[in-house]
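Numbering (UniProt numbering), first residue to last: 1 to 234.
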């Protein structure tokens with residue numbers, strides 16, 4: 001398949017090694033959704049085993065950071081390590097990346113920005129998400145400052161991700177996403193939007209905790225303030 005016949009935008013993008021996916025879209029999305037469900041349910045079970053006193057809110061936040069850690073380290077890590085061979089590969093993660101790339105073809109052409117930001121995500125944010133999950137399970141006061149760093153990092157990354165696409169589309173006339181609703185609104189916007197909503201909420205909660213702790217004298221007050229600020233357990 002030549003550059004002029006591959007399914008990605010811009011249509012003149014050079015992807016000489018591209019091979020169409022062999023798995024149907026429902027199978028790919030279903031498998032990925034099942035994998036996400038396994039990670040979430042397993043992390044929820046682990047959270048309950050580690051500390052049965054964790055509130056429902058803390059259990060959900062624990063699951064969120066475990067899921068983020070999994071995606072950053074393994075799914076995005078796969079892209080960083082295999083980006084050059086993904087267009088021709090038929091492995092599960094490669095086919096998932098090829099499907100998602102219909103909404104952002106930069107993942108098919110080893111775009112320097114994508115490689116840089118994804119590498120930082122794998123090296124920094126993946127381990128940090130795991131560290132936050134551990135701090136939640138242990139009830140550590142480190143949770144709040146680490147959570148602030150991670151939430152700012154997620155929001156900054158999403159801003160750069162959307163911002164660079166917006167710039168190239170509106171100022172350079174280069175569209176990286178196919179125009180169909182599924183790809184632009186479903187994949188490009190929908191699949192990234194949780195990293196706008198959840199970090200924004202957690203950042204606000206963490207800042208409130210820190211502010212109240214400072215007013216109370218800081219130090220040991222952080223942990224107690226954090227506990228008092230969480231939504232009550234059902």
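Where a beta carbon is used, it is the ideal one built from N, C-alpha and C, also for glycine.
Quiz prompt | Inter-residue spacing [alpha-carbon to alpha-carbon] between residue 70 and residue 179 | solution = Mapped onto the chain shown, residue 70 falls at position 70. Mapped onto the chain shown, residue 179 falls at position 179. Going from the Cα of residue 70 to the Cα of residue 179 covers about 30 Å.
Quiz prompt | Inside the stretch 37-71 only - alpha helix (DSSP H) runs reaching at least 4 residues | solution = 56-70
Quiz item: To which residues of the same chain is residue 66 closer than 6 Å at the C-beta, ignoring the five residues directly before and after it?
Solution: As a first step, residue 66 is located in the chain shown; it is residue number 66 there, counting from the start. Once the five neighbours on either side are set aside, the close Cβ partners of residue 66 are 43, 133.
Quiz item: Considering only C-alpha positions, which residue in the set 183, 113, 151, 74 is nearest to residue 168?
Solution: Within the chain shown, the letter at position 168 stands for residue 168. Taking only the C-alpha atoms, the option nearest residue 168 is 113.
Practice problem: Measure the Cβ-Cβ separation of residue 206 and residue 117 and say whether it is below 8 Å. | Solution: Mapped onto the chain shown, residue 206 falls at position 206. Mapped onto the chain shown, residue 117 falls at position 117. Against a cut-off of 8 Å, the Cβ pair of residue 117 and residue 206 comes out as no contact.
Quiz item: Going along the chain, which residues of its own chain have a beta-carbon closer than 7 Å to the beta-carbon of residue 76, five neighbours each way excluded?
Solution: Along the chain shown, read from residue 1 onward, the residue named residue 76 stands at position 76. Here the set comprises 118, 121, 122.
Quiz item: With distances taken from CA atoms, which of 97, 92, 30, 210 is nearest residue 188?
Solution: Sequence index remark: in the chain shown, residue 188 carries index 188 (1-based). Residue 188 has its Cα closest to that of 97, out of 97, 92, 30, 210.
Quiz prompt | Sequence-distant residues of its chain with Cβ nearer than 7 Å to residue 2 (five each side left out) | solution = The residue given as residue 2 occupies position 2 in the chain shown. For residue 2, the predicted structure reports a pLDDT of 46, less than 50, and the residue's modelled location is therefore unreliable. A value from the coordinates is still provided. Answer for residue 2: no residue qualifies.
Exercise. If I'm right that residue 158 touches residue 197 with Cβ under 8 Å, what's the distance once you round it to whole angstroms?
Key: Taking the first residue of the chain shown as position 1, residue 158 is located at position 158. Taking the first residue of the chain shown as position 1, residue 197 is located at position 197. Not a contact, Cβ separation roughly 10 Å.
Quiz item: If we count Cβ pairs, one from each stretch, closer than 8 Å, do we get three or more for the stretch 77-92 versus the stretch 138-147?
Solution: no
Quiz item: Going along the chain, which residues of its own chain have a beta-carbon closer than 8 Å to the beta-carbon of residue 200, five neighbours each way excluded?
Solution: Numbered from its first residue, the chain shown carries residue 200 at position 200. Closer than 8 Å at Cβ, skipping near neighbours: 151, 155.
Self-check item: Exposure of residue 18, with buried meaning 16 or more beta-carbon neighbours within 10 Å
Solution: Here residue 18 is taken as the residue at index 18 of the chain shown, counted from 1. Counting Cβ neighbours within 10 Å, residue 18 comes out buried, since at least 16 surround it.
Practice problem: Look at the alpha carbon of residue 5 and the alpha carbon of residue 108, and state the distance between them as a whole number of angstroms. | Solution: Residue mapping note: residue 5 aligns to position 5 of the chain shown, counting from 1. Residue mapping note: residue 108 aligns to position 108 of the chain shown, counting from 1. C-alpha separation (whole angstroms): 14 Å.
Self-check item: Limits of the alpha helix (DSSP H) - the one that residue 77 falls within
Solution: If you number the chain shown from 1, residue 77 lands on position 77. Residue 77 -> alpha helix (DSSP H) spans 76-82.
Exercise. May I have the straight-line CA-CA distance separating residue 140 from residue 213, to the nearest angstrom?
Key: Within the chain shown, numbered from 1, the residue matching residue 140 stands at position 140. Within the chain shown, numbered from 1, the residue matching residue 213 stands at position 213. Going by the C-alpha atoms only, they are around 15 Å apart.
Exercise. Can you give me the Cβ contacts of residue 174 inside the same chain, cut-off strictly under 8 Å, excluding the 5 residues immediately before and after it?
Key: Numbered from its first residue, the chain shown carries residue 174 at position 174. Cβ neighbours of residue 174 beyond the five flanking positions: 10, 168.
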